[in-house]
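S.K.: The structure's right below; bear with me while I get my questions together.
Protein chains: 2
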Amino acid sequence: MDEAAPLNRYQLAELGSLLAEPARAAMLLVLVDGTARPAGELAQAAGISPATASAHLRRLFDGGLLALQAQGRHRYYRLADERVAAMLESLSLARAPALHALPAKGDAQLRRARCCYRHLAGALGVAFCATLLQRDWLHTGSRGLQLLPAGVDALAGSGLPLPNVAKLYGRSCLDWTERRMHLGGPLGVTLTAAMLEAGWLRPLPRGRALQPSADGLRRLGLLGVSLD
Amino acid sequence: MDEAAPLNRYQLAELGSLLAEPARAAMLLVLVDGTARPAGELAQAAGISPATASAHLRRLFDGGLLALQAQGRHRYYRLADERVAAMLESLSLARAPALHALPAKGDAQLRRARCCYRHLAGALGVAFCATLLQRDWLHTGSRGLQLLPAGVDALAGSGLPLPNVAKLYGRSCLDWTERRMHLGGPLGVTLTAAMLEAGWLRPLPRGRALQPSADGLRRLGLLGVSLD
DNA sequence: TCGACGTTTCGCCGCGCGGCGAAGCGTCCG
DNA sequence: CGGACGCTTCGCCGCGCGGCGAAACGTCGA
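Chains as they are written, first to last, in our numbering: chain S, 1 to 228; chain C, 1001 to 1228.
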């Protein structure tokens, strides 16, 4: 049977079945931000008993979507890798409303700037990535996106010291709210961590939204990043 | 329950359950190339009875993944829109082998050039898109990617007349085999159709692979598109 | 060493799903 | 008009799954 597709029917069905339960879906979604969480917490988040959670977590682990790290009596689960997070984000594609019909005001913060598996996403992430490309500070190589020395210098000049990023590669990551690309991969994670460290971005107490600081917005503006 | 994610658990689970059957998955995968096919053909492709296929197609239709077009006694089904195709392609992310462990030789053609929902994908699609960006023939605007006049001229000069593309927008589409972007959206579809029309690309009798012609490769080479 | 904690395994129950053949409906052509 | 075709609906069957409480296991701290 001619299945000229990235996955064959059984692989696609297996992936689908791993997601096809609200309890498992809830636990995966909680982990999209890249954190590791103990089984009990995931059970509570999903609203099921520890026994049920345990069965579901095992299925997700056996299915390759989760990684496990035991620490004493705690079992910490996290997404297996960035590709799982990207897959979960990209599943929004088929469900996302048209761009003109945007999420409610409450989601504006998520749309503006958020953490997508430890790298910056949202309008700010997309604008930042576009600026790097427009100014030729980002080079598309065979191994991925690479920050060029001019870009390193520009960012350092704006107060974002970035040692050793020349060796890091980034990946284009589809932004579900903007429908354009932001910068993921190790480079994206490092740049985001640097912005958090420098205070350009601040995490909010709950959820994945990130709050750009006034100083951060100013510095990004000077780099040419515009939100609008 | 704090679900700061693009989809809530029920939406994700619903999507997952639509995919969680090899028969439904098979029918979706057959349609990834953008074609419309009658119910009977889809039943055969999935290896199930027409009665079973009918039930599955209804579920996919009700779930928003398929569109239906009746024509006489034939019921033609196709993917609801490009986002469904993109979702299916992107589901490969979590399952794709590492880049160094590539698919078998038989898939080399798919990797090289293929049709992803009516636009060019694969190594050639990625290289073509990269060239357009590197030469500043493609502009990232707020509505999407737009071919600039210099790009239109360059392509016309190479034998690819492109009337009225200034009004078309393209979208970055993640290429599952290359892990980089190729050009999708109406612009990508139009460029691909033009290449097929000009004979630069030829469809193969079966599957989604596209065969670049010698002349097409030569002209693309002159534009700066290199495959390697 | 023992009790508490976090988690997993076991056993059970009820429900939903995928498969089919037969019948029925709408379209088409001789 | 009637038979054939494409497809859907109906009724049936067997199987797998998600939920739980209780018991068991491994870890930890007093």
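Where is the CB? At the ideal position from N, CA and C, for every residue including glycine. The model shown is predicted, which means the values in this text are computed figures rather than measured ones.
Between S/A194 and the rest of its own chain, which residues show a CB-CB distance below 7 Å, the 5 nearest in sequence each way excluded?
M.R.: Translated into positions along the first sequence, residue 194 of chain S becomes position 194. Closer than 7 Å at the Cβ level, and outside the excluded window around S/A194, lie L160 and L162.
S.K.: Identify the contact partners of S/Y10 in chain C, using a Cβ-Cβ distance below 7 Å as the criterion.
M.R.: Position 10 of the first sequence, counted from the start, is the residue given in the question as residue 10 of chain S. Here the neighbours are P1022.
S.K.: Candidates C/M1087, C/S1092, C/S1054 and C/E1089: which alpha carbon is nearest C/Y1077's?
M.R.: Indexing the second sequence from 1 puts residue 1077 of chain C at position 77. The shortest Cα separation from C/Y1077 among C/M1087, C/S1092, C/S1054 and C/E1089 belongs to C/S1054.
S.K.: For the alpha helix (DSSP H) that contains C/Y1117, what are its first and last residues?
M.R.: Taking the first residue of the second sequence as position 1, residue 1117 of chain C is located at position 117. No alpha helix (DSSP H) holds C/Y1117; DSSP gives it neither H nor E.
S.K.: Taking any Cβ of chain S, which residues in the segment 1136 to 1166 of chain C have a Cβ under 7 Å from it, in chain order?
M.R.: Here the close residues are T1140.
S.K.: Please state whether DSSP places C/A1113 in a helix, a strand or coil.
M.R.: Indexing the second sequence from 1 puts residue 1113 of chain C at position 113. In the structure shown, C/A1113 sits in coil (DSSP, three-state: anything other than H, G, I, E or B).
S.K.: In this structure, does DSSP put S/Y169 in helix, strand or coil?
M.R.: For the purposes of this step, residue 169 of chain S is taken as residue 169 along the first sequence, with counting starting at 1. Residue state, collapsed to three classes: coil.
S.K.: Please identify the residue among S/D153, S/L29, S/L174 and S/R218 whose C-alpha is closest to the C-alpha of S/N164.
M.R.: Here residue 164 of chain S refers to the residue found at position 164 when the first sequence is read from its first residue. If we check each option's Cα against that of S/N164, S/D153 comes out closest.
S.K.: Hey, does S/A113 have any beta-carbon neighbour from chain C nearer than 8 Å?
M.R.: Indexing the first sequence from 1 puts residue 113 of chain S at position 113. Closer than 8 Å: no.
S.K.: With a threshold of 16 other CB atoms inside 10 Å of the CB of C/L1222, please say whether the residue is buried or exposed.
M.R.: Translated into positions along the second sequence, residue 1222 of chain C becomes position 222. So C/L1222 ends up on the exposed side.
S.K.: Got a sec, what are the start and stop residues for the alpha helix (DSSP H) S/T140 sits in?
M.R.: Within the first sequence, the letter at position 140 stands for residue 140 of chain S. Unbroken run through S/T140 is the beta strand (DSSP E), L138 to G141; no alpha helix (DSSP H).
S.K.: Please classify S/R75: does DSSP put it in a helix, a strand, or coil?
M.R.: Stepping through the first sequence from its first residue, residue 75 of chain S is reached at position 75. Of the three classes helix, strand and coil, the one that applies to S/R75 here is strand, per DSSP.
S.K.: Do we get a CB-CB distance below 8 Å when we pair S/A127 with the residues of chain C?
M.R.: Here the question's residue 127 of chain S lines up with position 127 in the first sequence. No, its Cβ sits nowhere closer than 8 Å to a Cβ of chain C.
S.K.: Distance, Cα to Cα, S/R143 vs S/P149?
M.R.: Position 143 of the first sequence, counting from 1, holds the residue named residue 143 of chain S. Position 149 of the first sequence, counting from 1, holds the residue named residue 149 of chain S. Roughly 17 Å separates the two Cα atoms.
S.K.: Given a cut-off of 8 Å, decide if C/H1182 and C/A1086 are closer than it, judged by their beta-carbon atoms.
M.R.: Numbered from its first residue, the second sequence carries residue 1086 of chain C at position 86. Numbered from its first residue, the second sequence carries residue 1182 of chain C at position 182. Contact flag unset, no.
S.K.: By Cβ distance, which residues of its chain are closer than 6 Å to C/S1172, with the 5 residues on each side in sequence left out?
M.R.: Walking along the second sequence from the start, residue 1172 of chain C turns up at place 172. The residues are M1181.
S.K.: Interface residues of chain C around S/L18 at Cβ under 9 Å?
M.R.: Position 18 of the first sequence, counted from the start, is the residue given in the question as residue 18 of chain S. Here the neighbours are G1016 and A1020.
S.K.: Using a C-beta to C-beta distance shorter than 9 Å, which residues of chain C count as neighbours of S/R202?
M.R.: If you number the first sequence from 1, residue 202 of chain S lands on position 202. Result: empty, since nearest Cβ-Cβ is about 16 Å, beyond 9 Å.
S.K.: With three or more C-beta pairs closer than 8 Å as the rule, is the segment 1053 to 1071 of chain C touching the segment 1018 to 1035 of chain C?
M.R.: With the cut-off at 8 Å, the segment 1018 to 1035 of chain C and the segment 1053 to 1071 of chain C touch.
S.K.: Cβ of S/S90 less than 8 Å from any chain C Cβ?
M.R.: In the first sequence, the residue the question calls residue 90 of chain S occupies position 90. Judged by the 8 Å Cβ criterion, S/S90 is in contact with chain C.
S.K.: Give a yes or no on whether the minimum CB-CB distance between S/L223 and chain C is below 8 Å.
M.R.: Looking up residue 223 of chain S in the first sequence gives position 223. So, not an interface residue.
S.K.: How many angstroms separate the CA atom of S/L99 from the CA atom of S/W176?
M.R.: Walking along the first sequence from the start, residue 99 of chain S turns up at place 99. Walking along the first sequence from the start, residue 176 of chain S turns up at place 176. In this predicted model, S/L99 has a pLDDT of only 45, less than 50, meaning its place in the structure is not dependable; the value taken from the coordinates is given anyway. About 10 Å.
S.K.: Quick check for students: name the residue ranges of the alpha helix (DSSP H) that lie wholly in the segment 1029 to 1064 of chain C, counting only runs of 4 or more.
M.R.: The qualifying runs are 1039 to 1046 and 1050 to 1062.
S.K.: Please compile the residues from chain S whose C-beta is within a distance smaller than 9 Å of the C-beta of C/A1130.
M.R.: To locate residue 1130 of chain C, count along the second sequence from 1; it is residue 130. The answer, in chain order, is T140.
S.K.: Can you look up S/G224 in the DSSP assignment and give me helix, strand or coil?
M.R.: By one-based count along the first sequence, residue 224 of chain S stands at place 224. If DSSP states are grouped into helix, strand and coil, S/G224 belongs with coil.
S.K.: Quick check: is the beta carbon of C/M1195 nearer than 8 Å to any beta carbon in chain S?
M.R.: Position 195 of the second sequence, counted from the start, is the residue given in the question as residue 1195 of chain C. So no, C/M1195 is outside the interface.
S.K.: Any beta carbon from chain C within less than 8 Å of S/A25's own beta carbon?
M.R.: Numbered from its first residue, the first sequence carries residue 25 of chain S at position 25. True, the Cβ-Cβ gap to chain C drops below 8 Å.
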